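Presented below is the structure to which this report refers.
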DNA sequence: ACATAAATGATAATTGTTCTTAATTTTAAA
DNA sequence: TTTAAAATTAAGAACAATTATCATTTATGT
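Protein chains in written order, with the working numbering: chain A, 20 to 164; chain B, 20 to 164.
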């Protein structure tokens, strides 16, 4: 992957930000310093950087736009149902997370959305089907996408 | 909310399914028994049923389409990175979830995505700003949407 | 500096979803 | 029941977010 000014700026800006901006928000932030940058370049590079594991693409409840996170490591977010703000939170998975959030952040959890991903029992047994598909996953009987 | 055949069928079909279909998938499933149903009706009613808390709209990582879940209660999903299948999982939040998933489902967790929502400390203090916006949230200084 | 593969900018096309309109269906009252 | 108002529908247009296209520009190895 080449190092271009656009790519470098996108990654550095996202890493510096504490928020989890959409592609367009990031575009507006970068535009003043790189006036000739195209929105498509921002989208393209965010996608690429996420594929490379340097950043993270996140799908937040209630937001029709995808958001991006400069921290590539699995971690939790807390989103306020009133203002929509999305913050990071570090959780020791052994603890009771909801109680922990209450006590450390003063954040009242009323709902949660948790997704674990990995290999299901079936796929662990038969890791044969490796055909690539558009969405980057493998084909498999259980695939509903 | 009125009881129409379309609405009833959408809710019942979604409840019966163990998967978490997209609006289009649900549309194809329902079409044979209700050939005159429109895709827009499926979208409209899924949105409505989710607003009423009868079903749940979920945003799964890596899927550009929204998915719907007949189980309206907050719960966890496990998605296989190989086949993309999304399953339900019941977790006592006090336990170590990853260990629990391994032991009960034989599912190897390699990544997770967790979002808690509720009221942040700021919004708990000043629940004044109640102006509705297009995305259904309230306006607030921290709002990045 | 040069060649060339890769990346960019501008914009067209596509995708997923919502809106609009007129027609139909449901509900509740007469 | 019949009837009228209100809600809901089907169909397709419109919309916003994202991706693809392609001519031009740029980064990197030689």
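Think of the CB as a built atom: it goes at the ideal place given N, C-alpha and C, for glycine as much as any other residue. Keep in mind that this is a model prediction, so the values were computed, not measured.
### Task
Could you tell me whether the Cβ atoms of residue 95/A and residue 110/A are closer together than 9 Å?
yes
### Query
Roughly how many whole angstroms lie between the Cα atoms of residue 29/A and residue 51/A?
13 Å
### Query
Is the beta carbon of residue 99/A sitting closer than 9 Å to the one on residue 119/A?
no
### Residue from 37/A, 32/A, 137/A whose Cα sits closest to the Cα of residue 45/A
32/A
### Task
Pull up the distance between the alpha-carbon of residue 106/A and that of residue 34/B, whole angstroms please.
33 Å
### Query
Does the ligand HEM have even one heavy atom less than 8 Å from the beta-carbon of residue 32/A?
This structure simply doesn't include the ligand HEM, nor any ligand for that matter.
### Message
Just to make sure I have the definition right: I need the residues of chain B whose C-beta is within less than 7 Å of the C-beta of residue 5/A. Which are they?
### Response
Summary: the structure shown does not reach residue 5/A, with chain A confined to residues 20 through 164, and so no result is reported for it.
### Message
Does residue 130/B come out as helix, strand or coil in the three-state DSSP assignment?
### Response
strand
### Query
In this structure, does DSSP put residue 9/A in helix, strand or coil?
Residue 9/A lies beyond the stretch modelled for chain A, which goes from 20 to 164, so this question has no answer here.
### Task
Taking only beta-carbon positions, decide if residue 107/A is within less than 9 Å of chain B.
no
### Query
Mind checking residue 75/A: buried by the 16 CB within 10 Å criterion, or exposed?
buried
#### Entry: Three-state secondary structure (DSSP) of residue 38/A
coil
### Message
Looking only at its chain, what residues have a beta carbon closer than 7 Å to the beta carbon of residue 91/B, apart from the 5 residues adjacent to it on each side?
### Response
72, 73, 74, 75
#### Entry: Beta-carbon proximity of residue 82/B to residue 129/A, cut-off 9 Å
no
### Query
Are the C-beta atoms of residue 60/A and some chain B residue less than 9 Å apart?
no
### Query
Is the shortest distance between the beta-carbon of residue 80/B and the beta-carbons of chain A less than 9 Å?
yes
### Query
Helix, strand or coil for residue 136/B per DSSP?
strand
### Message
Checking the sheet assignment: what are the DSSP bridge partners for residue 110/A?
### Response
Residue 110/A is not bridged to any residue.
### Message
For a contact defined as C-beta to C-beta under 8 Å, what are the partners of residue 136/A on chain B?
### Response
80, 97, 98, 99, 100, 128, 129, 130, 131, 132
#### Entry: Cutoff 9 Å: residue 27/A Cβ touching any chain B Cβ
no
### Proximity test, Cβ basis, 9 Å: residue 74/A and chain B
no
#### Entry: Three-state class that DSSP yields for residue 78/B in the structure shown
coil
#### Entry: Which of helix, strand or coil DSSP assigns to residue 98/A
strand
### Message
For a test of the three-state rule: what should DSSP assign to residue 21/B, helix, strand or coil?
### Response
coil
### Message
Please confirm whether residue 18/B has its beta-carbon closer than 9 Å to some beta-carbon of chain A.
### Response
Since the displayed chain B opens at 20 and closes at 164, residue 18/B lies outside it and no answer follows.
### Query
Would a C-beta distance cut-off of 9 Å place residue 132/B and residue 97/A closer than the cut-off?
no
### Span of the beta strand (DSSP E), counted from its first residue to its last, around residue 63/B
From DSSP, residue 63/B is part of no beta strand (DSSP E) but of the alpha helix (DSSP H) over 58–70.
### Query
Since residue 86/B sits in a beta bridge, which residues does DSSP pair it with?
41/B, 77/B
### Task
Using 10 angstroms around the beta-carbon of residue 47/A, count the other beta-carbons present and answer buried if the total reaches 16, otherwise exposed.
exposed
### Message
Check for me: the alpha helix (DSSP H) holding residue 124/A runs from which residue to which?
### Response
116–124
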